[in-house]
Every structure is written in C-alpha cells, then in structure tokens.
Amino acid sequence: MTTYLLHLHIPGHDTRPLTITGGTPGELAAAVHRHARGQLGSSRVDVHLDGLDGEIVAHGATAGTFTLQPVEQTQPATSDSTAADHVAHGYTMRDLDRAARAACTADRTLSSNISLRYDLAWSAIAEHLVTTDQPPAWPELVRVGWQAIYQDVKAVRRLYGVDSTGRSGEVASAPRFVAYWTHASTDGASDGIVERIAVHQVLATLPEHQRQAVVALATQDDYQKAADALGIKYATLTARIRHGRRGFRTLWFSPETAPPTKGTDRRVASRAGTPNHCPQGHEYTPENTIRRPSSRGRRCRTCEQIRDAARNRRRAEVA
-7 MTTYLLHLHI PGHDTRPLTI TGGTPGELAA AVHRHARGQL GSSRVDVHLD
43 GLDGEIVAHG ATAGTFTLQP VEQTQPATSD STAADHVAHG YTMRDLDRAA
93 RAACTADRTL SSNISLRYDL AWSAIAEHLV TTDQPPAWPE LVRVGWQAIY
143 QDVKAVRRLY GVDSTGRSGE VASAPRFVAY WTHASTDGAS DGIVERIAVH
193 QVLATLPEHQ RQAVVALATQ DDYQKAADAL GIKYATLTAR IRHGRRGFRT
243 LWFSPETAPP TKGTDRRVAS RAGTPNHCPQ GHEYTPENTI RRPSSRGRRC
293 RTCEQIRDAA RNRRRAEVA
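This is how it looks when you write it as structure tokens:
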C-alpha cells in the first residue's frame, strides 16, 4: 500500500490536498471516486485514471481533473545518523519538522489551529521514532502524525459532548450534554432542591384547569383515574394535559428551546384497562356495540336508540 496526496481540481470546490492509500490502479480510482463523489454531491460520478493523473466525469460531462503525488517523494534523500541533530533511525530534527508539516497537510479535520496540530503531530512522530525497533518509512511517520491529530480531535469532541455520528451539529443533541454543562464539583443535592422549587413556580403560571389536570395525573398516575377524580371526560383530561404539558415544557427549558418529546406515555389506558360498560352503565356486548370505520372507539347501541327516540319525540312535538 502506498500513500498519495490527492489534488482535486474541481471548479468551485476546495482544492486542499487529501490523503489516500492504494496498491493498485483500481484501489486508487476507488479512493478518488469516493472523494470526488463527496465534493460533487452526486452518485453518478466516473473516474478515469491515467498514471498519476486523471479526469472526473459527472452526468456524462467533465467535472474536473485530479493528480496524485506519492508521499514518498517528500522523503529525505539521505539519512545521516552522524548529524548533530540526529534523532533516531537516521532521521534528523529537520526531518522531524518536515514530517510534522506533512502530517498537518494530510490532516482533513482542520478542527484546531495549525500550531496545536503541528505540536501534536511532532510529539507523536518523535515518540514513534525513539520507541520503534525497525526504521520507519516516511509514509509511516506522516500517518502517525495525522492520526495523532485526529485522535485529539475525537477526544475534544467527546469531552464537549458533540454527536460523533454527525447527525446533528448542536451540542445539546449529544448524549454527554449534561456532562459538559454541569460542573464536576456541583453538589448533586442542589439539583433536586432547585427542581422542586422550579416545579411549583412553573405550575403556578399554568391556567387553573390545566394545572388541575397535570396535578391529578401526577397524583393518580393513571389517565382514567385522574379524569374520574376531576369529574371530567377522558378526552377532556387528555386535551388539558396536552396543552398543560406544552406550556410546562416551554417554561421549564426557558430561555432555551424545549427539545422534542420522544416515545409515548405508557400510562394511557395501560392500568385502567378497556371499560366493559358505557358511561350510562350499559354493557358492551357484541349485540350492543357499534363500531364505525370513520371513527375510533365504540358506541353503545342502547344509548343510540335512546337518543334516537328522544330526537323523534322532539320532532313530533314540533310538528
């Protein structure tokens, strides 16, 4: 496997060199295709490799060109182990500086300033030189340098709670958001005290009917029991809970935006079970149950008949 610096020449796109490896023309063409497809944002990309040069074709038209430069070309021509600034295995301090600079060029993250990246690469390469038993090749030194830079970038992102999957650039979406924003020496008991005070403050701002619904659900831990305790319908309770929960979350996370809710409240109809009788006390038997495709739930046939009879009497009285 040989390491190359890939120079993409695509109008309107970044031209900084990229690092690829390959031992055959097919492997090199596949590596170039991957980077060209990423920059063009299209899957219909073809790569034509001719030696160390080539052409990039997208949707049947020429989109750009590229050149490959073997990293071995930047290797020192001679290694003098008797030089005054000799480090190890024939490499000198000047070679160490050149290898660190080559590693900074090969690094694609660009997540910190050049001085920090140079120091990281220089330290890693120097340590590798003095600890390895076999004389390392020049591409190996460059690879050790840019890998050290990348490892530091990953460690910093993990410390700050940045999502490693790249799905979101927001820090608050990462699993370690609390670990970053909460100081390690913070007393854990204070969080509970603050939250207890904040709960009463936020509840006091809700309308009376919403506050009663939220408190009833928190007390009964069951939607149907909470509705019965308040003497209201199940649907009325769920509507009040929905509006109350939205207002509560808005104030609780203020001034930040409340994160979206995930999952389902498993308390809904999980403990009360399915009622066997309608609100008027009629049993839901197969003969006494009406199910309409256009609506969810069940209707009591006896109640429907009573309502129809009352409606017909009113019409007769009007007539």
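Quick note on this note's numbering: the sequence shown kicks off at -7 and runs consecutively.
Virtual Cβ for every residue (Gly too), placed ideally from N, Cα, C.
Since the model is a prediction, treat every value here as computed from it, not as a measurement.
With distances taken from CA atoms, which of the options is nearest residue i?
i	options	result
Ala205	Ile189, Ser34 and His235	His235
Ile12	His5, Leu44, Arg241 and Asp38	Leu44
Ile298	Arg29, Gln272 and Thr59	Gln272
Ala91	Ile185, Ala113 and Asp99	Ala113
Gly289	Ala227, Gly239, Asp300 and Ala302	Ala227
Arg36	Ile106, Ala140 and Val49	Val49
Gln31	Pro9, Leu243 and Ser287	Pro9
Pro17	His27, Arg29 and Thr(-6)	Thr(-6)
Asp42	Ala94, Phe58, His5 and Thr101	Phe58
With a CB to CB cut of under 7 Å and the five nearest residues on each side skipped, what residues in its chain are close to residue i?
i	result
Gln67	Model confidence at Gln67 stands at a pLDDT of 48, short of 50, so the residue's coordinates are unreliable and nothing is read from them.
His274	Asn280, Cys292, Thr294 and Cys295
Pro3	Gly56
Take residue i and list the residues in its own chain whose beta-carbon comes closer than 6 Å to its own, dropping the five residues that flank it on each side.
i	result
Gln65	In this prediction, Gln65 has a pLDDT of 45, which is less than 50 and means its spatial position is unreliable; what the coordinates show is noted afterwards. The answer is none, since no qualifying residue turns up.
Ile282	Arg291 and Arg293
From the DSSP output, in three-state form, read off residue i for me.
i	result
Ile298	helix
Ala92	helix
Tyr83	strand
Ala55	strand
Leu108	helix
Gly43	coil
Glu335	Any question about residue 335 goes unanswered here, given that the chain covers just -7 to 311.
Gly289	coil
Gln61	strand
Ala140	helix
Gly14	strand
Tyr(-4)	strand
Arg303	helix
Thr123	helix
His274	coil
Thr228	helix
Thr266	coil
Thr281	strand
Leaving out five residues on either side along the sequence, give the residues of the same chain with a beta carbon under 8 Å from the beta carbon of residue i.
i	result
Lys225	Ala219
Leu229	Ala205, Ala208, Leu209, Tyr215, Ala218, Ala219 and Leu222
Ala313	Nothing can be reported for residue 313, as the shown portion of the chain is limited to -7 through 311.
Would you tell me roughly how many angstroms separate the C-alpha atoms of residue i and residue j, rounded to the nearest one?
i	j	result
Ser115	Glu132	14 Å
Leu108	Leu(-2)	24 Å
Val145	Ser103	7 Å
Gln61	Tyr(-4)	5 Å
Arg203	Thr253	20 Å
Leu20	His1	16 Å
Thr178	Thr97	Its pLDDT being 48, under 50, Thr178 is placed unreliably in this model, and the value from its coordinates should be taken loosely. One C-alpha to the other measures close to 42 Å.
Val163	Ala250	Residue confidence is low: Val163 scores 49 on pLDDT, short of 50, so the model does not pin down where it sits. Its coordinate-derived value is still stated next. Roughly 14 Å separates the two Cα atoms.
Glu309	Cys270	29 Å
Glu248	His192	20 Å
Gln212	Arg305	42 Å
Phe245	Val39	51 Å
Val148	Ile106	16 Å
Taking 7 Å as the CB-CB cut-off, is residue i touching chain B?
i	result
Val37	Absent here is chain B; the protein component of the structure consists of one chain.
What does DSSP give as the partner residues of residue i in its beta bridges?
i	result
His1	Thr57
Val37	Ala50
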